[in-house]
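For reference, the structure is listed below as structure tokens.
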Amino acid sequence: MSWREAIRLSNVAFAELSLQAVYAFRQGNVLPPGRSKNLVARSQRRVLQSKLVISAVLALLTLGAAAILHQKALNPEILASVPVGLFQSAILTGLLSLDIALLWWTGVQVIPTLISSGVLPVLEPLPIDPRTFRRVATILYLRLFDLPALTIIILTPIAVGIALGPLAGLVALPGVFVSVVYALALSLLTGRFFLRRVQGSRGGGGRAVVRWAYLVLWLVPAFAMFAFITAAPAFFRALGGLAAQGPSVSSALLAAAFPFSFAALPEIVAGGTSSIAILSPTIDLVLGVAAALYLALAVWSVVWLARSVRTLLFLPVQAPLGLPTTSSALRPMGRARAVLVKDLRIASRTPGYAFLILLPILDAGALGLLTYSTPAQNPVAASLALGAVTTAALLATFFGPAFFAIEVVAYSYGRSLPLSNRSVILGKVALICLMYLVASALIVGFTLLRFFQPFTFVAFVLVELPAVLGAAFLELGLLFRWARRRGLAITNLYAGAWFAVLVSIPGLIMAGLPPLLFDLARPSGVDFGLGIMALVAVAELALAAPVALGRGAS
Amino acid sequence: MTTTSPDASSVPLALEGLSVAYGERPAVQQLSLTVQPGEIYGLLGSNGAGKTSTIKAIVGLVCPVAGEIRVFGLDALRDGLAAKARIGYVPETSMLYEALTPREFLEFVASVRRMDATTATRRMQSYAEAFRLEGEIEEPIATLSNGTRQKVLIIAALLHAPPLLVLDEPLNSLDPRSVRIMKDVLLRYVASGGRGVLFSTHTMEVAEQLCQRVGILDRGVLRGEGTLATLRERVAAGDASLEEIFLRLTEEDVGVRAAVDSLGDPSV
């Protein structure tokens, strides 16, 4: 069969994938009431919308990088120590790294849905020759990334071309191609890793800790962005040092590192090797050889991807053999707590949910460390710690609503249980508060080691708690009312998560208002500021709780 | 809490004029039936006849457009949580939380059903042993076969010993041994008095073996109801099997012959 036939079959498979991603029927969701017509077309529109959102983020990043490349004078402080060419190569390195991170993260989020949707196994009994089948699998996999990948491939060379000249734009193309291929390959590798080591892992206790540790690794792509932004000043300082030193072993290592070896190429074309300052004929050779090797690896990855995608889509989730089974006693608990424990257990085997729990906590750890490393005499140090607690509250509030999606999984069973919306909402609210409290404890722990003002920090965390509770109640109450009416699954990036984002806006305002008022009132005294903050936070909770626990919601 | 007369409160399930629709498309129309205490009631029908829609309405998964559902006298549409507390449900497709193990899933169900640890553990262990599930009780559900998932759902339905079981094709994917166990469990279950089972199937032999009464659904409408003997009388066929009765009541007997004739020789 031809490529045309493979594309036709992949269209059918992708329609099914979209339907499952949005409505999660295979995961137990039920048909939305009164909206059974055009489900497939609607789900495909939602998937397209989600792809457009990711593409828009990538486009913004590219345009931002282009603006920095173009407006070199915006960074006089950095340019005083880093040569322009090296600076521009570093910016392009950052852009390519972020492109890989975002594409990889997209894959990480979507691949479990691709596998659980079982779209390819449905085609297996049909008389389709293996080559066509492989093509269908490859096309289907590529379609997960099509618009975002095309955005990178088209926009990056144009952006570089505008900033550094048309030839430089053209030379940027191999680096862009290699980055996209690596992101796709990493997604596939981590997808297999997820199936084998995380979803198939059993038991609690120590093994749950191991699972959570694996899931921290899963967050690497998302953290790459965070790390790049926060580490940028230190990175540029190091580059300044390298430039001052001239060609050295360190600069050879930098030249050999991916994606710098590609990011330097447009600059070499535009300004010559001298513009980068750290290059020499030997280092030029290192850079050229490294780029050629990375390109060769990318070509090999394309072949590997084409061969391996099919096996990923048919890979059964397998439990490891030989582990002793734990005690099979049941320990029933309260309903809201049961919802919380169930969500934590599911999150420990599901990267998408683990990400939501771990990100605020890891972020708090990073910010806490930052506070710890700030000189004690620095007047902004205390504000930094309180700002970190506020960030933890905002992140927990922003990500919390996504846990609603767990309720859509196995919906056809869950709704048959005598479990009120109120219990479910209480369980989810408890999870959001737990995320906030664990993150805040980390920040306060680090802060108290440095600035021993227990009352201010602990009181700030506790006074903010009602605002976090209020925000969580408001968000989940609105989500329950909306989703029950529409029967949608908010299970992943492609599942119309826009409403979860939308309800986060009032939630973020609620969680952010008390710290803002504290900051405004603080000149009149910390106690006064905390008092104002407490008053507003409790009022917010009193206003928001009925939205979730009132008659309409339950 | 809404209750009716004491007699009605002993009736496991009563549907009155139940209608379910998906948008413009009706799935069940004006369905009335009763599951009596000590009875296994078989709901029969072709694919798309409305069996699953009826069951989903009973357990609160879809909202009927008209009619009443009473579970031991409780109005299930108004007092859904109290009605659900009295029901054990096995869905048609084994949709579970894939990331949990059977033990974790059953622990969640036991928590929601407010069971005590001793009873929940005892029941889980005895059913797991009967269905030979002990080795898989700590495996993630994602790794289990369809038959094993079905066993997990059956255990979840039986865990709190509910007075009403609502089972949607519960024997699907089960091995012969487990089918036999399940049939015996159901017969003993209703023999203990006061309990009822609504059982949907399109396997006539199973219905003939298990059900005291059957209702035959066709395109959302109840075409006939009663014991095998009363249905035979109704179609005026003294020794007809349930399959023949089903085909006559749904007026498919002629259609089946015509369909087979139109196929001709399958090898051609």
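Chains as they are written, first to last, in the working numbering: chain R, 1 to 554; chain E, 1001 to 1268.
Cβ coordinates follow ideal geometry from the N, Cα and C atoms, glycine included.
Keep in mind that this is a model prediction, so the values were computed, not measured.
Beta-carbon contacts of Leu426 (chain R) that lie in its chain and below 6 Å, excluding the five residues immediately before and after: Ala336
Whose C-alpha, out of R:Ala298, R:Ala291, R:Val438 and R:Val463, is nearest the C-alpha of Ala537 (chain R)? R:Val463
Rounded to a whole number of angstroms, what is the C-alpha to C-alpha distance between Thr390 (chain R) and Gly1017 (chain E)? 56 Å
Please state whether DSSP places Thr1034 (chain E) in a helix, a strand or coil. strand
Should Ser18 (chain R) be labelled buried (16 or more other beta-carbon atoms within 10 Å of its own) or exposed? buried
Beta carbon proximity, Pro332 (chain R) to chain E, threshold 7 Å: yes
Could one say the Cβ of Ala989 (chain E) lies closer than 7 Å to chain R's Cβ atoms, at least one of them? Only positions 1001 to 1268 of chain E appear in the structure, and residue 989 (chain E) is not among them; the question remains open.
State the Cα-Cα distance for the pair Ala363 (chain R) and Phe457 (chain R), rounded to the nearest angstrom. One point to set straight first is that residue 363 (chain R) is Asp, not Ala, in the sequence displayed. Roughly 18 Å separates the two Cα atoms.
Which of helix, strand or coil does DSSP assign to Gln453 (chain R)? coil
Helix, strand or coil for Ile1087 (chain E) per DSSP? strand
Beta-carbon of Gly1117 (chain E) versus every beta-carbon of chain R: anything under 7 Å? According to the sequence displayed, residue 1117 (chain E) carries Ala and not Gly. Yes, its Cβ sits closer than 7 Å to a Cβ of chain R.
When E:Ile1155, E:Asn1047 and E:Glu1092 are compared against Ser1178 (chain E), the one with the closest alpha-carbon: E:Ile1155
If we define contact as Cβ-Cβ less than 7 Å, is Ala1099 (chain E) a contact residue for chain R? yes
Within-7 Å CB hit, Ser43 (chain R) to chain E: no
Per-residue DSSP class, three states only, for Asp1265 (chain E): coil
Who pairs with Ile1022 (chain E) in a beta bridge, going by DSSP? It should be noted that the sequence gives Tyr, not Ile, for residue 1022 (chain E). In DSSP, Tyr1022 (chain E) forms a bridge with E:Arg1025.
Does Pro1163 (chain E) pass the burial test, meaning 16 or more other C-beta atoms within 10 Å, or should it be called exposed? buried
Own chain partners of Val178 (chain R) with C-beta closer than 7 Å, once the 5 adjacent residues on each side are dropped: Phe262, Tyr294, Leu295 and Ala298
For Leu1226 (chain E), the first and last residue of its enclosing beta strand (DSSP E): Checking the sequence shown, residue 1226 (chain E) turns out to be Gly, not Leu. Where Gly1226 (chain E) is concerned, the enclosing beta strand (DSSP E) stretches over Val1221 to Gly1226.
Residues from the stretch 416-444 of chain R in contact with chain E, defined by Cβ distance under 9 Å: Ser416, Leu417, Pro418, Leu419, Ser420 and Ser423
Could you tell me the alpha carbon to alpha carbon distance between Gln20 (chain R) and Leu1096 (chain E), rounded to whole angstroms? 15 Å
Output, in sequence order along the chain, the residues in the stretch 1044-1060 of chain E whose CB is closer than 8 Å to any CB in chain R. Lys1056, Val1059 and Gly1060
Determine, using beta carbons only, whether Gly387 (chain R) and Leu442 (chain R) come nearer to each other than 7 Å. no
Are the CB atoms of Ala1027 (chain E) and Gly1050 (chain E) within a distance shorter than 7 Å? yes
Please name the residue or residues paired with Leu1167 (chain E) in a DSSP beta bridge. E:Val1090 and E:Phe1199
Within its chain, find whatever has a CB closer than 7 Å to the CB of Arg1103 (chain E); leave out the 5 residues flanking it on each side and keep chain order. Ile1137 and Glu1138
Measuring only between beta-carbons, confirm whether Val317 (chain R) sits less than 7 Å from chain E. Any reading at Val317 (chain R) is ruled out, since the residue's pLDDT is 49, under 50, leaving its predicted position unreliable.
I need the boundaries of the beta strand (DSSP E) containing Glu1214 (chain E), first residue and last residue. Looking at the sequence shown, residue 1214 (chain E) is not Glu but Val. Arg1213 to Asp1218 is the extent of the beta strand (DSSP E) around Val1214 (chain E).
Considering just the uninterrupted stretch of the alpha helix (DSSP H) at Ile139 (chain R), what are its terminal residues? Pro130 to Leu164
Candidates R:Thr106, R:Gly525, R:Val309 and R:Leu279: closest to Gly246 (chain R) by CA position: R:Leu279
Helix, strand or coil for Ile1069 (chain E)? Go by DSSP, reduced to three states. strand
Run the CB neighbour count on Gln49 (chain R), radius 10 Å, all protein chains shown included, and call it buried at 16 or more, exposed below. exposed
Let's see if you can read the secondary structure: which residues bound the beta strand (DSSP E) around Leu1043 (chain E)? Glu1039 to Gly1045
Distance, Cα to Cα, Leu9 (chain R) vs Thr190 (chain R)? 26 Å
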